[in-house]
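Presented below is the structure to which this report refers.
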Amino acid sequence: ELKVEQNPLFLSMQEGKNYTIYCNYSTTSDRLYWYRQDPGKSLESLFVLLSNGAVKQEGRLMASLDTKARLSTLHITAAVHDLSATYFCAVDKTPSNTGNQFYFGTGTSLTVIP
Amino acid sequence: KAGVTQTPRYLIKTRGQQVTLSCSPISGHRSVSWYQQTPGQGLQFLFEYFSETQRNKGNFPGRFSGRQFSNSRSEMNVSTLELGDSALYLCASSLVCCTDTQYFGPGTRLTVL
Numbered sequence: 001e002l003k004v005e006q007n008p009l010f011l012s013m014q015e016g017k018n019y020t021i022y023c024n025y026s027t028t029s030d031r032l033y034w035y036r037q038d039p040g041k042s043l044e045s046l047f048v049l050l051s052n053g054a055v056k057q058e059g060r061l062m063a064s065l066d067t068k069a070r071l072s073t074l075h076i077t078a079a080v081h082d083l084s085a086t087y088f089c090a091v092d093k094t095p096s097n098t099g100n101q102f103y104f105g106t107g108t109s110l111t112v113i114p
Numbered sequence: 001k002a003g004v005t006q007t008p009r010y011l012i013k014t015r016g017q018q019v020t021l022s023c024s025p026i027s028g029h030r031s032v033s034w035y036q037q038t039p040g041q042g043l044q045f046l047f048e049y050f051s052e053t054q055r056n057k058g059n060f061p062g063r064f065s066g067r068q069f070s071n072s073r074s075e076m077n078v079s080t081l082e083l084g085d086s087a088l089y090l091c092a093s094s095l096v097c098c099t100d101t102q103y104f105g106p107g108t109r110l111t112v113l
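Chains F and Y, in that order, are what the protein sequence lines are.
Our numbering puts the first residue of the first sequence at 1, with every later residue one more than the last.
Our numbering puts the first residue of the second sequence at 1, with every later residue one more than the last.
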């Protein structure tokens with residue numbers, strides 16, 4: 001069974017600092033997704049990474065994918081309070097064009113302290 | 001453009017009962033997936049529907065079932081409810097498939113007493 005591990009599980013960081021969240025997965029896949037979830041809310045799509053070496057950036061967040069290492073990273077630059085949330089990575093198990101079957105990581109709960 | 005909607009938002013049932021949850025995808029989206037979110041097990045994939053056909057299925061017992069209608073709306077049903085079925089059930093829709101972004105609804109919070 002596909003395993004998706006995120007670390008750290010909890011992250012408390014000061015405003016203005018940089019940090020990286022790691023997402024490791026156990027089987028070959030070239031489709032990886034990052035989502036954000038605020039308390040009591042649903043999931044908001046952040047990034048879709050579809051090939052080895054893919055890098056996407058939006059504001060203070062940058063995501064990358066290394067399919068050979070089975071590793072994705074979510075890098076936070078100069079954190080601000082508004083980034084406090086739980087971040088999930090998800091790996092799609094299915095071969096291309098046969099639908100979606102996401103396996104989610106455990107989530108990283110990020111708290112940005114003023 | 002309206003997002004994914006789920007009804008009801010909250011539900012309380014007792015053990016042994018059955019429940020039906022509904023999901024309306026974003027207009028034009030044809031793929032609908034369902035997920036269960038619990039503090040202990042995290043987010044787990046239930047099933048995915050496309051063009052009224054179940055395309056993928058997760059590792060859940062047969063008590064969990066679903067269907068999709070011709071207008072892409074989807075329902076999931078849980079029969080013979082157990083305490084462990086208490087969870088947030090999330091529905092997600094995407095345009096067609098596979099590399100499209102999945103957009104999640106607000107979820108239905110099911111409590112089983």
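We put the CB at the ideal spot given by N, CA and C, even for glycine.
A quick note: this is a predicted structure, and the numbers were derived from the prediction, not measured.
Leucine 9(F) carries a coil assignment under DSSP once its states are collapsed to helix, strand and coil. A straight-line Cα-Cα distance of about 9 Å links arginine 55(Y) and glutamine 101(F).
Scanning its chain for C-beta atoms nearer than 7 Å, with the 5 sequence neighbours on each side dropped, one finds around glycine 107(Y) the residues Gln6, Leu88, Tyr89 and Leu90, in chain order. Comparing alpha carbon positions, the residue from Arg15(Y), Arg30(Y) and Ile12(Y) closest to threonine 101(Y) is Arg30(Y). Considered as a whole, the segment 27–74 of chain F harbours 32–37, 43–49, 55–58 and 61–66 as its complete beta strand (DSSP E) runs of no fewer than 3 residues, in chain order. DSSP places glycine 84(Y) in the helix class (H, G or I) of the three-state scheme.
DSSP places leucine 110(F) in the strand class (E or B) of the three-state scheme. Burial check for glutamate 48(Y): the Cβ neighbour count within 10 Å reaches 16 or more, so the residue is buried.
The C-beta of alanine 85(F) has 16 or more other C-beta atoms within 10 Å across all chains shown, which makes the residue buried.
Valine 80(F) has its alpha-carbon roughly 45 Å from the corresponding atom of glycine 62(Y).
Counting of Cβ neighbours within 10 angstroms places valine 55(F) among the exposed residues, the total staying below 16. Counting only Cβ-Cβ distances below 9 Å, threonine 27(F) has no contacts in chain Y at all, with the closest Cβ about 15 Å away.
Just so you know, the alpha carbons of cysteine 23(F) and leucine 113(Y) end up roughly 36 Å apart. In the assembly as shown, isoleucine 76(F) is a buried residue. Its beta-carbon has 16 or more other beta-carbons within 10 Å. For glycine 16(F), the closest of Thr73(F), Leu83(F) and Glu44(F) by C-alpha to C-alpha distance is Leu83(F). Contact annotation: in the segment 32–50 of chain Y, residues whose CB is within less than 8 Å of a CB in chain F are Ser33, Tyr35, Gly42, Leu43, Gln44, Phe45, Glu48 and Phe50.
With 16 or more other CB atoms across the displayed protein chains lying within 10 angstroms of its CB, arginine 31(F) is buried.
For phenylalanine 88(F) against tyrosine 35(F), the beta-carbon gap comes to about 5 Å, under 8 Å, which counts as contact. Of Gly105(F), Val112(F) and Ile113(F), the smallest CA-CA separation from leucine 9(F) is found for Gly105(F). Judged by DSSP in its simplified three-state form, leucine 46(Y) adopts strand. For glutamate 5(F), same chain residues with a beta-carbon under 6 Å away, outside a window of 5 residues either side, are Asn24 in chain order.
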